[in-house]
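Visitor:
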Amino acid sequence: MCLRRSVPSSHPSPGGEEENERLRDFDMTNNPVIRLENLSKSYPTSAGLFPALKNVNLTINTGEFVAIMGPSGSGKSTFMNLLGCLDAPSSGLYELDGREVAKLGRDELALLRNRTIGFVFQGFNLLPRMTLLDNVALPLIYAGVALAQRRQRAHDMLTRVGLGDKANSLPSQISGGQQQRAAIARALVNNPRLLLADEPTGNLDSHTGEEIMALFEALHHDGITIVLVTHENDIAQHAKRQVRFYDGSIISDELTQEVSA
Amino acid sequence: MKLAMLGEAWRAMGANRLRTLLTMLGMVIGVGAVVLMMAIGQGAQYAIAQSINSMGSNLFILLSGSTQAGGVRTGSGGALTLTVNDANAIAELPGVQAVAPIHPGSAQIVYGPNNWNTAVIGSTPAYLDARAWQVVSGAAFTASDVRSATRVALIGQTTAQNLFGDEDPVGKTIRIGQSPFTVLGVLGIKGQGMDGRDQDDTLIIPLTTAQRKVFGTQFPGTVRMVMVQTATQEIMPVVEKSMTELLRQRHRIREGMDNDFSLRNLTAVADSAAESTRVMSLLLGAIASVSLLVGGIGIMNIMLVSVTERTREIGIRMAIGARERDILLQFLLEAIIISVMGCLIGLLLGIVGALLTEILTGTLVIISASAVLVAFGVAATVGIFFGFYPARKAARLDPIEALRYQ
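Same order as they appear, the protein sequences are chains R and L.
At position 184 of the first sequence (counting the first as 1) the number is 175 in our numbering, and the numbers step up by one without a gap.
At position 272 of the second sequence (counting the first as 1) the number is 588 in our numbering, and the numbers step up by one without a gap.
(1) Can you check which of these residues, L:Glu717, L:Val468 and L:Gly504, is closest to Gly487 of chain L by C-alpha distance?
(2) List the endpoints of the continuous alpha helix (DSSP H) containing Ile615 of chain L.
(3) I'd like to know if Ala101 of chain R contacts chain L, where contact means its C-beta is closer than 8 Å to some C-beta of that chain.
(4) Check whether the region 85 to 96 of chain R and the region 210 to 217 of chain R touch, using three or more Cβ-Cβ pairs below 8 Å as the test.
(5) Check whether the region 499 to 506 of chain L and the region 471 to 483 of chain L are in contact - that is, three or more C-beta pairs closer than 8 Å.
(6) Closer than 9 Å, Cβ to any Cβ of chain R: which residues of the region 628 to 647 of chain L, in chain order?
(7) Which residue spans inside the region 130 to 206 of chain R form an unbroken alpha helix (DSSP H) run of at least 4?
(8) Rounded to the nearest angstrom, how far is the Cβ of Val347 of chain L from that of Gly612 of chain L, given a contact under 8 Å?
(9) In the structure shown, what three-state DSSP assignment does Gln113 of chain R receive?
(10) If you follow the beta strand (DSSP E) that Asn29 of chain R is part of, which residue opens it and which one closes it?
(11) With DSSP as the reference, identify every bridge partner of Val542 of chain L, one or two as the case may be.
(12) Going by beta carbon distance, what residues of the same chain come within less than 6 Å of Met634 of chain L, once the five residues before and after it are set aside?
(13) Using CA coordinates, which residue listed in L:Ser367, L:Leu620 and L:Arg708 is at the minimum distance from Gly512 of chain L?
(14) Should Ile675 of chain L be labelled buried (16 or more other beta-carbon atoms within 10 Å of its own) or exposed?
(15) Just to confirm before moving on: does the CB-CB distance between Ala173 of chain R and Val127 of chain R stay below 8 Å?
(16) Along the region 320 to 331 of chain L, where does the CB come closer than 7 Å to a CB of chain R? Name the residues.
(17) If we count the other Cβ atoms within 10 Å of its Cβ and call it buried at 16 or more, is Asp516 of chain L buried or exposed?
(18) Using the beta-carbon count (16 or more within 10 Å), is Gln140 of chain R buried or exposed?
(19) What separation, rounded to the nearest whole angstrom, lies between the Cα atoms of Gly597 of chain L and Ala687 of chain L?
(20) Step through the CB atoms of chain R and report whether any lies within less than 8 Å of the CB of Pro706 of chain L.
(21) Alpha carbon to alpha carbon, how far is Tyr443 of chain L from Gly481 of chain L?
(22) My assumption, with CB atoms under 8 Å, is that Leu87 of chain R sits in contact with Pro80 of chain R. Please give the rounded CB distance.
(23) Near His229 of chain R, which residues of its chain fall below 7 Å by C-beta distance, leaving aside the five closest residues on each side in sequence?
(24) For Asn116 of chain R, count neighbouring Cβ atoms within 10 angstroms of its own Cβ and tell me buried if that reaches 16, exposed if not.
(25) So, is the C-beta of Glu12 of chain R closer than 8 Å to a C-beta in chain L?
(26) Please return the same chain residues whose Cβ sits closer than 6 Å to the Cβ of Ala446 of chain L, not counting the five positions on each side in sequence.
(27) May I have the straight-line CA-CA distance separating Ala456 of chain L from His419 of chain L, to the nearest angstrom?
(28) Run the CB neighbour count on Phe17 of chain R, radius 10 Å, all protein chains shown included, and call it buried at 16 or more, exposed below.
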């Protein structure tokens, strides 16, 4: 079950390969987690191919907190699905953690989604029949972690997002904000290098949204690379870098103005 | 990990209890029907085998021919064409093990205040050998009893029960008509015969006694039937041929004329009865298997619905790292759990049904371990077979399509 990543990375990897993820993250601060070259995606429609993304070039380094912005239909969700290895690009290069995603099989992609990427959805996407603890522990099942450890790690992660006392609640018994926190805990439980969030505050009121963003900022401080899609400027202000999409292309890529020291 | 999957499958089934139960019901009925039908079929086979065994093995029965008087034909045995000498001659043929001339009849038997009408068989000690009939208490009569036509009798269990109750019949004197007979021995239990009659409701006396002192006969030395046992079943056709030739020769029947006797291969009759029972139980099993198949298709149907319903869940699972085989295993496990549980309940109901059948109708049923194992194995296979396609469909879903599914 444990297919470890043994493909050599494009960057120098000092010392013992894993275990100490923090150390590795620190060493790789200036190495790209995501590297995109001329990435394009088209969908077949009745009127021919619709280009959702056109020749996108972007590099995101370890530890960055990037907001992807743009109006609806600008291609940012398509972009997010490509980053999350949920969808395959039509052309171009996508390197995640030094590996070319297009060359990976379905099982290897599943492994990436399990270990390297944490995905947070707009609609939370918790499994309704499971308790929060089981929901958060689910990625660990696919990672082959033993039961006792699963429960421990899931509980730790719920505590970290402030839901330690709700471990045995069902998603329907808690508020939207709490559900999103649980979803974030689930995304983080396998210690991913990259956290992808698609409109994570879209279904929440602005106050709860702020709470979620505060959580993202705390995670950013812990060194996790975060890419977040939003169409709200307020939300984007929390990120350190803002990338704007329009009509399937990047139209601007700048650091957030009032950087909090 | 496998345990966690099992738990999840269980939870998913619990989420839609009624549907799970209804799906299971198909399996329950299928397995129950197979178990019940096999129990009844095997019971019937066993009953037939029992009566065949009680009949004796490798047996021919020779019957005297019919006579024709003024266009009216009597049945077999109407003319006493067979003689004791014929029987003795047949006994000399190679391959013949035992020959017993028989004079059957029925008579009213009296013992003290009790009386009972039973089938009386006049024969020789060879009859007991041919029928493999034990004398369980007392002793059998001998050839010298036959020679001197002594008034002795062997009594069947049913007859003994009716005349003597709990008393020991050995050494007691019974009457047939006005003649006193000494009971020499009690015969072992034979049970129901091929024709459905109680074989234990009988009295066996020496042939000569039957002919001369009980029933009387027009032509001394003739018999109505002769039972012939061969050494093995393989040589029965050879013996049949040589016996026919011998009798035609002895009776001086010319070429082209009909036999004045008839010869039946009892073992062949028994075998065909056994064969038809076997075919019947196979048929029952086959019909029941169809319901098992229908149950399996029901599982596939529900699993397909379940996969469609849970497309989004599958997408979420894939997004957090489930591989194809994880999804496959999850749905396959569900199908297997449903079929195995259905199977267990079906087994239980089938066994209960079989026992009820035995209690209510008196039909013998046999629940064999092999039938249970076969039903279980088939059910598990059906679960895997019909669960595989929906599970593979789920596993092959495109993650992004699945996530978008509403």
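Ideal placement from N, C-alpha and C gives every residue a C-beta, glycine not left out.
As the structure is a prediction and not an experimental result, all values here were calculated from the model.
Guide: Taking the coordinates as given:
(1) The shortest Cα separation from Gly487 of chain L among L:Glu717, L:Val468 and L:Gly504 belongs to L:Val468.
(2) Under the DSSP assignment, Ile615 of chain L falls in the alpha helix (DSSP H) whose first and last residues are Leu582 to Glu625.
(3) True, the Cβ-Cβ gap to chain L drops below 8 Å.
(4) They do not touch, by the three-pair rule.
(5) Yes, the region 499 to 506 of chain L touches the region 471 to 483 of chain L.
(6) Per Cβ criterion, the list reads Arg628, Glu629, Gly631, Ile632, Arg633, Met634, Ala635, Ile636, Gly637, Ala638, Arg639, Glu640, Arg641 and Asp642.
(7) Counting only runs that start and end inside the region 130 to 206 of chain R, the alpha helix (DSSP H) elements of at least 4 residues fall at 138 to 151 and 167 to 179.
(8) So it is not a contact: roughly 11 Å between Cβ atoms.
(9) Note: Gln113 of chain R maps to coil in three-state DSSP.
(10) Its beta strand (DSSP E) spans residues Pro23 to Thr36.
(11) Partner(s): L:Leu378 and L:Pro417.
(12) Correct list, in chain order: Pro715.
(13) Nearest of L:Ser367, L:Leu620 and L:Arg708 to Gly512 of chain L, Cα basis: L:Ser367.
(14) So Ile675 of chain L ends up on the exposed side.
(15) In contact: Ala173 of chain R and Val127 of chain R (Cβ atoms closer than 8 Å).
(16) Residues are counted here when their Cβ sits less than 7 Å from a Cβ of chain R; for the region 320 to 331 of chain L these are Ala320, Arg327 and Ala331, given in chain order.
(17) Under the 10 Å beta carbon count, Asp516 of chain L is surrounded by 16 or more other beta carbons and is classified as buried.
(18) Under a 10 Å Cβ-count criterion, Gln140 of chain R is classified as exposed, with fewer than 16 other Cβ atoms of the shown protein chains found around its own Cβ.
(19) Note on identity: in this sequence residue 597 of chain L is Ser, with Gly being the wrong assignment. One alpha carbon belongs to Ser597 of chain L, the other to Ala687 of chain L, and they sit about 12 Å apart.
(20) Among the residues facing chain R, Pro706 of chain L is not included, as its CB has no counterpart in that chain under 8 Å away.
(21) In this structure, the alpha-carbon of Tyr443 of chain L lies about 26 Å from that of Gly481 of chain L.
(22) Contact between Leu87 of chain R and Pro80 of chain R does not hold, since the beta-carbon distance rounds to 12 Å and is not under 8 Å.
(23) Once the five neighbours on either side are set aside, the close Cβ partners of His229 of chain R are Met204, Phe207 and Glu208.
(24) Flag for Asn116 of chain R reads buried.
(25) Because the pLDDT of Glu12 of chain R is 47, which lies under 50, any placement of that residue in the model is unreliable, and the number read from its coordinates should be weighed accordingly. No, no contact with chain L.
(26) If we look at Ala446 of chain L and ignore the five residues flanking it on each side, its Cβ neighbours are Gly372, Ala414, Ala416, Met543 and Gln545.
(27) Straight-line measurement puts the Cα of His419 of chain L at about 18 Å from the Cα of Ala456 of chain L.
(28) Confidence is the limiting factor: at Phe17 of chain R the pLDDT is only 46, short of 50, which leaves the residue's position unreliable, though a coordinate-based value still follows. Its Cβ having fewer than 16 others within 10 Å, Phe17 of chain R is exposed.
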